[in-house]
Amino acid sequence: MPGNYLILDKYTKNGGNIEISNKVFNTLAIHSLKQIKEIKKDKGTLVQTNIVRNKLYYKITAVVPKGTNFKSLTDRIEEVILGNLNEIAETVPVDIKVRFIEKEVKR
Numbered sequence: 016m017p018g019n020y021l022i023l024d025k026y027t028k029n030g031g032n033i034e035i036s037n038k039v040f041n042t043l044a045i046h047s048l049k050q051i052k053e054i055k056k057d058k059g060t061l062v063q064t065n066i067v068r069n070k071l072y073y074k075i076t077a078v079v080p081k082g083t084n085f086k087s088l089t090d091r092i093e094e095v096i097l098g099n100l101n102e103i104a105e106t107v108p109v110d111i112k113v114r115f116i117e118k119e120v121k122r
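Under the numbering used here, residues 16 to 122 are what the sequence shown spells out, in order.
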């Protein structure tokens, strides 16, 4: 069952927990995608964020120009999102799935 918060146990020296909202992770992914120039600014780009059994799951649908190297772009998306996640919490268990929609580039 999806949850609204990811709980990081013993996050502080004193052994306290921290809960991070699903909305925080969703916003982080959206802003991460804005850093990647190959992803077109299109209404077809979608980020879904779920937390299940205290693990973060992303499903990303990105609109890209025709002829884009999907493997390279998937690696770049994961690199940017994971880098940004490490800025807020180093121990977030995450799974990222990416789907691409190719569109002709308007000239």
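For each residue, glycine too, the CB sits at the ideal point set by N, CA and C.
When you compare only the Cα positions, how much space is there between residue i and residue j?
i	j	result
Ile1	Ile103	In this structure the chain extends from 16 to 122, so residue 1 is not present and cannot be described.
Thr83	Val39	29 Å
Ser47	Gly18	22 Å
Met16	Arg68	Residue placement at Met16 cannot be trusted, given a pLDDT of 44 that sits under 50; what the coordinates show is reported in the next sentence. If you take the alpha carbons of Met16 and Arg68, they lie about 8 Å apart.
Phe85	Leu21	29 Å
Asp110	Tyr73	6 Å
Lys56	Asn37	23 Å
Does residue i pass the burial test, meaning 16 or more other C-beta atoms within 10 Å, or should it be called exposed?
i	result
Ile75	buried
Ile54	buried
Thr64	buried
Tell whether a beta-carbon distance below 8 Å holds between residue i and residue j.
i	j	result
Val78	Ile116	yes
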